[in-house]
Every structure is written in structure tokens, then in C-alpha cells.
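As given, the protein sequences belong to chains A and B, one line each in that order.
Note that this note's numbering has the first sequence beginning at 1, numbered continuously upward.
Note that this note's numbering has the second sequence beginning at 803, numbered continuously upward.
Quick notes on the structure that follows.
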Amino acid sequence: MRDTTWIGRDLPRPDAADKVAGRAAYIHDLSRPGMLWGKVKFSEHASARIVHIDTSRARRLPGVRAVITGDDTPEIRIGFLRDNVALKRGRVRQQRDEIAAVAAIDPDVAAEAIELIRVEYEPLPAVFDPEQALHPDAPLVHDRDASGRPVTSNLLPVSVRHVSGDLAAGERAARYVAEGEFSTPLIQQSCLGTAGCIAEFDLRGNLTLWAKTQIPFLAQRDFVKALEAMGLEGRNARVIVPALGGAFGTGLDTHCYEYIAMLLAHRTGRPVKMLYTREEEFAFLSPRQSARTRIVQGCDAEGRLTFRRIDVLQDNGAYTSWGATYPTVMLIPATSLYKVANVWFDARIVYTNNTYAQAMRGYGNPEVTWPIERTLDDLARQAGIDPLELRLRNVNEPGETTPMGLEVTTCGLRECFDFAREKLDWAKKRGQQRGARRGVGVAALVHVGGSGRIYRSDGGGVILKLDDFGNVNVSYGGVEMGQGLHAALTSAVAEALGVTPERVHVNPTDTATCPWDVGTHASRGAFIACNAAIRAAAKARTKLFALAAELFAPEVARNLEAHQRRNPGYEPPNFDVGAACAAGRFQLASGVVTLEGAPAEPWLRLELARLLRAGHFRGVAGQMIVEEAFYEPPSTLPDWSEGVGNMSACYAYGVQGFEVEVDDETGEVTILHAVSAHDVGRVLHPQALRGQVQGGLAQGIGYALYEEVRTHEGRVLNPSFTDYKIPTAHELAFPVDVHFVETDDPAGPFGAKGVGEPGLVPTAPALASAIEDAVGVRIADLPMTQEKIVRALREQRAPRGS
Amino acid sequence: MLRLPQLQVARPRTVEEALALLGGEGALPFAGGTDLLPNLKHRLLAPQTLVSLAGVEGLSGVSVDPGGALVIGATTRLHEVAEHPEVRARAPALAMAAGLVASPQIRRMGTLGGNVLLDTRCRYVNQSAFWRKSLGHCLKKDGAVCHVVPGGQKCVAAASNDTAPALLTLGASLTVATAAGTREVPLESLWKPDGVYNRRLAPNELVTAIRVPAQAAGHRGAYLKLRPRESFDFPLLGVAVRVDAAGGVVQSADVVVVALQAVPRRVTGASDELAGKALGTQELEAAIVAVGARAHQQCRPLPNVPGDPDYRREMVPVFVRRALRAAAG
Ligand SMILES: Cc1cc2nc3c(=O)[nH]c(=O)nc-3n(C[C@H](O)[C@H](O)[C@H](O)COP(=O)(O)OP(=O)(O)OC[C@H]3O[C@@H](n4cnc5c(N)ncnc54)[C@H](O)[C@@H]3O)c2cc1C
Ligand code: SF4
């Protein structure tokens, strides 16, 4: 591993102080001159014909500047299947459909105006269960596709399949088989900062949108298309991203409210701000997709996996977000978590009249890791092999090419298991503490670690702009949403360029100033940004050293004169500066240019800022250092119909483990100890990394034990943090042993892999395994609430039918 | 953030001023506001004036009267109630209950008076105005049906205040100031089985203090609650117990359960089972189990607050047993 100065050093996060002190400006804090407030009128039915909308009273309310509906605005289609429209016309398909919107002088007037809009509905049949939605008699959520062709089923035209090896042969080779049906719930991403935007047009029809997005450039593309639909061909949509209070996948799509803000801003000629309340965020923004999974897998007598079959049914809700492409990532654990030769994977995604769902951290991975890891415990029990040992017998290794075609460059999974085994005192504790109702469990993960190619370009660019004072301003098109991207990027730029981190300033993300980036998903932010930064820094160093070749000698000659004036009689050591310069033997570190092999005389050190000024103020030859590099990772866009392709430049692995105590009367689970070991390639910024891993762990605990958006006939029943439970500091007050395995991946910046999502992925199955070890119950449907644990305990005591 | 409706806030300095203000149209007392503000944001109430009790003299603090009764000012913060040595010594169930309300932040805002007078809760009513409208309103607010008990004519929203059952086991009363003078209202007669408004107290009457009489010799008490997380949550079930055991033998006992229906419910027969049993004996443990069984028989949680009602019912004997053991132990 390369020696480094800043990489891996425990530096404070550059954004921490402003965030802690309440100085960072979120969308909630932003205002524009003359700004109006927008608000949406949502549907009260999950499936209905809109008979009539009466906006007359709302229009007459003083302070209202515009009231719009689908009937008096251009149709703006959104989503990759174009099955959603910003303002609905004639028909609603989910509880939260946008029917009308107002712009008013303040939020209270806007809310009052919304109340005054009267909508007459004619309820239509609806379907809320994905299984039922597949029934031939089920009402069709959409009877036509975006291009007007009639459709005959609620099945989405999105197919991801994978068949490799010989499933039948794998089944024959299996001595033990485990199977089951599992499910993962609809959950809320629970961003502390709710959704919102400001849309503003200039007088030439160009749009600026301050947006809570993770995909500024794909969003720009969507918004430009919307401008075309509004008759504004050839106009620009500039996207600016304010500080984000979390995104977790909510920012991977553009949302109806953003287009509605655009329509209102265009109609009124004034900037329009939209801000969701917490209730609106819960009920009217897309939660994480829910999934039902059938799994069968088997192993031979020694515990080696011989086959795995997974069938997924995903509830899409009424419209399609990128969340419908979960199966592209589900393929990774399905085919490549542990060595398994014969694999079948099929996913069906179904329209229902439920709230349409979108992506969240892990993007399909936890949904499939859950059944894989749970049934591995079952296999271990059948085979009489310790569950951790069984996993080690199938552990992934470097050099492996998995059934999906993933090329495993580096892999520290075994080391992660070793750490967990030791810290959990596995040999002493697993299966040994039933009397105390205590148990331990582990689970592993594999995820993309070198971005995930789901788009033609998976790249991103970085611009480094050096100024007269030695500052390095960094522009990158991805998004800091709390994960610590700017921290990692700051360390990487400092390291790669040779300056101190205090001199590095990462600019706010703005499509007008930052180079293109596909978006901050797939744990790719730091991986892509730092790789691009390394390349841009190399270019900048080449330019700087070319400048130095001309300017270093005269500048240090002046240094020497000054030095001699201050130290009369000083004799410089015998070193030929000119020759060293001519040979280009420059070094740049911590913002100081020196010559290799030069004596450590102070006058032989040239501050970077002085070199930059010397380059700038040299008359007609004056020069600025602004360098750009675009990094495209070495990966391939998989063929989704086959489910094969090396979609990432490298892969991240990890193991999480828990020790729990279960109250067998109330079902309460108390976590006593957690272990989180991750193959991160290389630690870029320790604080940010620990935050990512521990945050993921915390979120995973919510997923495992508490969280579920409960719905009835499409209506969200618990749209508030009073009724929707996420873990608080109190529930997380247990020790966590965090460990990073550094495998130094050749594709990674300084060897690092992306680690944004992994912390969440194996948390639920590891907890489930520990709960099972403690009290012997198995729960297939997340979350594992107290109720479910008590019910399972009751069934355990009195088996069904007795 | 949901927005508050437009309203006035009045800041009286004395009980008399407060009463005068409360006599006005659409006025409500405003203590910690931790129940009132969410309900206002949800448009469950539409007062014109909130009469802030924060600056009213003499409403806060804990004292012990010459007869050994605890007198707790209505606006005493729950945190102070939970930590106060006199409360902990004389009314341990109350201290425990106050210490288990919501979260530390809310216990530093919320008052004991506000907790006693907490509005009933229901998963169909503690929602935004839009949400309730889209479901078609209900008896408690603007509607004619009940979503918990289909066809039901009476609102069964749950009394969800943690201190209520504890105060009932302690025989507490409220000191109520009205324009006509001051009266003492025993908690026994405060609540009525109507979830729409479950207090026999006009919304503009002012509670000035909560009075907990001196307890019998050998008094012990406890309060335990079921909740999804240990932090933050309203009770899905709350159980308060009193065990008076002078000389190490139970003389009398009481068990009251909250978060079932619109009123806290007393489990009958607790004294019959427990009286005469010596602490620390098998007999007592058997009697505790029997009280749990009685409670299970008598208590039927409704699907009014979140949490599976069958599970909540199953937890009744568990929490009754645990609370009795905690008090007797
Ligand atoms: C997130 C959250 C969690 C919560 N969890 C719990 C919980 O676990 N357990 C629980 O019991 N409560 C809980 N609460 C409710 C509330 O915080 C407490 O019940 C608190 O004690 C209420 O007191 P307050 O002073 O804030 O009341 P307020 O909101 O000020 O008042 C409540 C009601 O009492 C009336 N009132 C208040 N004082 C007087 C008085 N002196 N005379 C006459 N009328 C008066 C008010 O008009 C109002 O109707 C929770 C609240 C929140 C927001
Ligand atoms: S119990 Fe029935 S009437 Fe009362 S609040 Fe709940 S739904 Fe409404």
C-alpha cells in the first residue's frame, strides 16, 4: 500500500462545524427575492376518475397568485417508463396523486387555498396486493402505456433474469436444501431534511432549480425535457444542490413537486418554493420498495453451496421510479454472495394502487441478502455445521469470477469473518446461551465497490481550480448528502496534488459549474470523485512543474538574496538549482515546491501560492492552473436479459454481527454488542467512514426491528415520527466494534472501495440470526417487531395444529 | 413542518387573571404545550386564545402539607416530578410514571397537569386534517363514524397518559379553580368513557394542583409501560400498582391499566388476591399470577392506538405481574 500523508489520517470533516452550528443552508433556509410558496392538492382516493375540479374559490382567495391543474398546463411525463405525469388528468391511481397546485404569497395562504379546491371523484376498482394485481381479473392500474398502446397486465415491462450453470444438476448435488418465503417492508428513507425545491425562470426562459437531488445531471436532462414540453425548447435547466439533510435514495428520481414548482414559477413569473411537511414526506414521497422473495438453496454434505434459486415479487405502486431497477442490484448477492455455481434469478415488478415506491440505500441488495443469509443458517443446522464455518466454506475470494461475471479483484471477506468471530467470542457463545435468552449471529454482504454501471456512462468529472493564494477549489458533479463525500474528496485532493487539506475547498454542486456526473448512488461518490481528482491533480502537477521549470530558479534566487541579506556571510550549499530544474526534479507536498535531492535550506522551498502568482503575473505569458479530468470506471454495462456483466470496477464485502438478549415474554430485543467489519479497500477518511458504517448499521437496525410504512388501501397509516419508529440514540447505546480490512484495490483511489451502502445490508439477517440463537424463533417478514417475536414464541411452545 | 393556526396567546400573571381570560370565548389553558401544539397543528382543536400558564404564580412546585399529602403544582414539569425526592419517597408509582413519559426533552416541557388532562389518542385521529378528511372523519372530530369499532356510536380513543393510572392507585385529586371558587375533584370521578372528551371538567377550568394523600404505612408502588421503543413512545399499555404492606404483609393493593379505552381501568379483585400474603413468599407470587390472570380477563385493548390489540392483551398479565413484583420486591 502506498505511503500517504493525508489519506487515512483522522481529520475532522470539513462540513461538520457548519452543520453542527446550524450554519449550513438547506433548502428550508433558502429564499429568493419575490418568492412565492407552492402547495399541492393531493388525491383523497387511491383509484378514481376525476369528474370535476373546482378551483374558483381558491383563485379568489387574496394572496393566491396561481392555481393550476393538469387541464390547464402542458403534460409533463416523468419516470423512465414515462408512466407518471406531473399533474394528473382525469384519473388518479394512488392516494397521493397530484391533482392541482397553487402558488401564494405565504405558506398559510397556499394551504388555505388548497383547502378551497373541490374535487369530485368517481371511485374506480383498485388493487393493493402485488400477488392479486397479477390475477387476470385484477383491475389494470394503467390500461395504456406511455405511448398509448393498450396493456393487458399489471406486470411492468422491466425484466431482469439470470440463469447460470445447471440448476437441476445443482439440486441433485445438494444433500441439504433450505427454502422459504421472505419479505421486506415498505420503509421511509426518513431524511431529517424533508423534500423541497425552488424553481425560478429568468426572462429568457431559462430555469434554475434548487433541488434536493442526488442526480443533478440526470435531473437537468429531465428538466430540459420538461421545458420542451412547456414550449421552451433550447432553454437551459440549471440545477443547484443546497446542503442536503440526507437523501438515501429519495434524490435518485425527479419528483412531480419539482415540475409543479416549475409550472407555477413559469405561470407567475416569480420564484416558487415547495417544501414538504413531515406528514407530506411520509405520505406523498416515495418510500423504499417492498419485496417478497422465494428462495431455495442447497449444499452438499460438506456445506458447499450447489445451487440457489430466487424469485422476487416487487410492489411498484402506481408509477415507476428507478426503484423498479432494484433487480439489477439484487443480482449481485443472488449470484455472488458466497461461491455458488448454479443460479436462477427472476424478478417480477407489479403495478398496484399503492404509493409508488423508489430506491433506498442498498438498492435491492438487503431485500435479497435477507433470504440468502437466513436460509444459510437453516442449511448449517441441517448439515450440523457451525453457521459461521459454513459461510467460510463458501467464502468469496480474490481472483474469482462469479456466475454474474463479476470479477473479484480484491476480497477481504474471510478477514471480516475472522474479526467478527473473535470479537463476538463466537466459539463460546453461539448456541451456548439459550438459558440466558442471549444469542449471537452474523451475516455478510457483497456490493458494488467501484460504482455500478446502470447507464451508458458511469463516470464523473472533477475540476481543480488553483488560485493566487494557493487555494484549490474543487468542483464535482456528485452530491454531498451527509455521507462525507467532501471529506474524502478533500483528503484525496490534498494527497494527490500535494497541498494541505485546509487549502482544499469543495464547491457546492451546480450543473453550471461542475462537470457531468451520473449521480450519487451505488456507493460511488468517493470512488469516482477521488479517482477523477487523482487524474486532475496529476494534470495540474504536470502544468505546475512546467511552470516551475521556468520560474523556480529565478524565484528561489530572490529567496536566496533575501536570505543572505538577513544572514550576512551565509554561504549557500553546493547545489545546482538550474540543473535540477532542467531535469524537472520537482516535488510538491503540503503546498510547497522543492527539488528532489536538494538540501533542506529554507530558501530552496517555494510556496505553491508564489509559484501560482508568478505564473499569473508574467505579462503576456500569464497562465492559470485549472485542470479537469473525467474518470470512467473499467466496468461493463450488464446485459439485463441475461443478468451478466462485470458492472463494477471492484466489489465491497463485509460482515456484521450482534449479540442480543430477547425478553421472551414481551418480545423486546436488546442489542448488547455489535461488530461491523468491512473490506473498504483503503480508509480514505476515518471519521467519514466510521460515520457511514455506523449510520448504515443504525438504519439497518430500524429496518430489522421497527420500521414499516403501514398502509390500508393505499393510505399511509403512520405518516409521522410518532407512529413510524426509527431507532433513537437510546436504542443505539451499545458498543460497536468497527474494523476495516484494507485490501488495496487496484481500481480504487489509493486502493479504496465505495462503502456508502454496505452498513445497512447484512444488519437484519445478522440480528435475526442472533435472535434465533437466543430464543429459537425465526421470523421471515421484516421488521421483527415485538409482536411478531411473541407470536413466534407462542407457536414454538404450541406448534400449529396442536 | 405543519403550521399552527392563527391564534392569540395571553400571558396572565395570577390565577384570577387566568380565570378571567379562560372565561372568554374559545380560550384554552396552555401548559407545556406538548400535547396541545401537535393537536393544533392537526387542527383537532380551534381555540382563539391560548392562556399560557407559564407565568402564573403559584402553579409550580412540589410541597408536602402537614397531613403528609403531596401537593404538586399543575405546571410542575414531569422531569421534576420524576426526580423529586418527596415524590419518589411518598408516591413511587407517580415518579416512575412521570419518568417514563415520552423523551427527556418532552419531560422538561410537559407538565403534570397537562399529562393528567391529556387528550385521548387514536391512530385515526392523531393525523393531519387532510388525512382525516380523506378517510372520511370520525366521531371525535367532524365525523359520524368510528374507524376502530365499525358501527360504533361511541368514540373509544384511548386515555394514554402515563401518570393517570398511577395517580388513581394513589387516590389523588385535582384542585380546580373556577370563577365560582375552588373545588377538589377526586380523580376517581374525573374520567368518563367518551373518547371525544373524557374529562368531567370544562376545557376552561383551571387545575392548580394535584394532591396525593398520605399513603398507608408500608406503601409501595410501581408503574410499567409497554412501548415499541424504550425511548419516546406513548404507552401501548401502562400498568400502575399499589401494594400496601405494613409489617411485610400485604394489607391492600390496587392495579390500574391505561391505554385500553377512553378511561383508565381498574382491575378488580387485586386486594382479594394479594391481601394477607407476606412479601417474598410463594403465596404472594401465586397471588400475583392470579391478579395477572384477572387483569387478562378484564382488559380488552382495542385497535385504537398502534400495536396489535391481541399482543397488547397478551401483555396485560405480563406487565401486571412485573409491576406487582417490582412494587413488592
Ligand atoms: C412525541 C411525543 C411523545 C409523547 N409521549 C407521551 C407518553 O409517552 N406518555 C404520555 O403520557 N404523554 C406523552 N406525550 C404527551 C405529552 O407530552 C404529555 O402528556 C405532557 O405531560 C402534556 O403536558 P403539557 O404540559 O405539555 O400539556 P399541554 O399540551 O399544555 O396541555 C394538555 C391539555 O391539558 C390542558 N391543560 C394543561 N394544563 C392545564 C391546567 N393546569 N388546567 C387545565 N387544563 C390544563 C390543555 O388545555 C390541554 O388540553 C407525548 C407527546 C409527544 C409530542
Ligand atoms: S375511536 Fe373511533 S371515533 Fe374515536 S378517534 Fe378513533 S376512530 Fe375516531
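C-beta: ideal position from N, C-alpha, C; glycine also.
All values derive from a computational prediction rather than experimental measurement.
Run down chain B in chain order and give the residues with a C-beta less than 8 Å from the C-beta of residue i.
i         : result
Asn-718/A : Arg-925, Pro-1108
Quick one: is residue i near chain A, going by C-beta distance under 8 Å?
i          : result
Pro-849/B  : no
Lys-935/B  : yes
Met-1117/B : yes
Pro-831/B  : no
Glu-1087/B : no
Leu-842/B  : no
Tyr-1113/B : yes
Of all Cβ atoms in chain B, is any one closer than 8 Å to the Cβ of residue i?
i         : result
Ser-802/A : Any reading at Ser-802/A must be qualified, since the residue scores a pLDDT of 47, below 50, and its modelled position is unreliable; the value itself is stated next. Chain B contact via Cβ: absent.
Arg-610/A : no
Ala-104/A : no
Arg-278/A : yes
Gly-8/A   : no
Tyr-356/A : no
Thr-666/A : yes
Met-784/A : no
Val-790/A : yes
Pro-107/A : yes
Gly-787/A : The residue you asked about is not Gly; residue 787/A is Glu in the sequence shown. With 8 Å as the cut-off, Glu-787/A counts as an interface residue toward chain B.
Tyr-26/A  : no
Tyr-706/A : yes
Glu-44/A  : yes
Glu-731/A : yes
Are residue i and residue j close, meaning C-beta to C-beta below 8 Å?
i          : j          : result
Leu-445/A  : Tyr-653/A  : yes
Tyr-651/A  : Gly-449/A  : yes
Gly-245/A  : Gly-484/A  : no
Ala-766/A  : Phe-630/A  : no
Val-1069/B : Arg-1096/B : yes
Show which residues of chain B have a CB atom less than 7 Å away from the CB atom of residue i.
i         : result
Ala-111/A : Arg-805
Thr-728/A : Arg-1031, Ser-1033, Phe-1034
Lys-725/A : Pro-1030, Arg-1031
Report the neighbours of residue i on chain A: residues whose CB is nearer than 8 Å to its CB, in chain order.
i          : result
Leu-1062/B : Residues of chain A passing the Cβ test: none, with the nearest at roughly 17 Å.
Val-1120/B : Glu-665, Thr-666
Check the Cβ of residue i against every Cβ in chain A and list those closer than 9 Å, keeping chain order.
i         : result
Ser-930/B : Thr-277, Glu-279, Glu-280, Ala-283, Pro-719, Ser-720
Residues of chain B with CB under 9 Å from residue i, in chain order?
i         : result
Arg-715/A : Trp-933, Ser-936, Leu-937
task = Scan the stretch 336-363 of chain A and note each continuous alpha helix (DSSP H) run of 4 residues or more that stays entirely inside, going in chain order.
result = none
inquiry  = List, from N- to C-terminal side, the alpha helix (DSSP H) runs of 4 residues or more that fit wholly inside the stretch 460-533 of chain A.
reply    = 485-493
request  = Give, in chain order, every unbroken run of the alpha helix (DSSP H) that is at least 4 residues long and sits entirely within the stretch 265-310 of chain A.
outcome  = 278-284
ask   = Going along the chain, which residues put their C-beta within less than 6 Å of some heavy atom in ligand 2?
value = Cys-924/B, Tyr-926/B, Val-927/B, Cys-940/B, Leu-941/B, Lys-942/B, Cys-948/B, His-949/B, Val-950/B, Cys-957/B, Val-958/B, Ala-959/B, Gly-997/B, Asn-1106/B
ask   = Closer than 5 Å from C-beta to any heavy atom of ligand 1: which residues, in chain order?
value = Leu-830/B, Pro-831/B, Ala-833/B, Gly-834/B, Gly-835/B, Thr-836/B, Asp-837/B, Leu-838/B, Ala-876/B, Val-903/B, Ala-904/B, Ile-908/B, Gly-912/B, Thr-913/B, Gly-915/B, Gly-916/B, Asn-917/B, Leu-919/B, Leu-920/B, Asn-963/B, Asp-964/B, Leu-1008/B, Val-1009/B, Phe-1036/B
Those runs of the alpha helix (DSSP H) which lie wholly inside the stretch 352-419 of chain A and span at least 4 residues = 365-383, 387-393
ask   = Taking only runs of the beta strand (DSSP E) that begin and end inside the stretch 803-865 of chain B, which ones reach a length of at least 3 residues, in chain order?
value = 810-812, 829-832, 851-854
query = Enumerated in chain order, which unbroken segments of the beta strand (DSSP E) with a length of 3 residues or greater are wholly contained in the stretch 680-746 of chain A?
reply = 736-741
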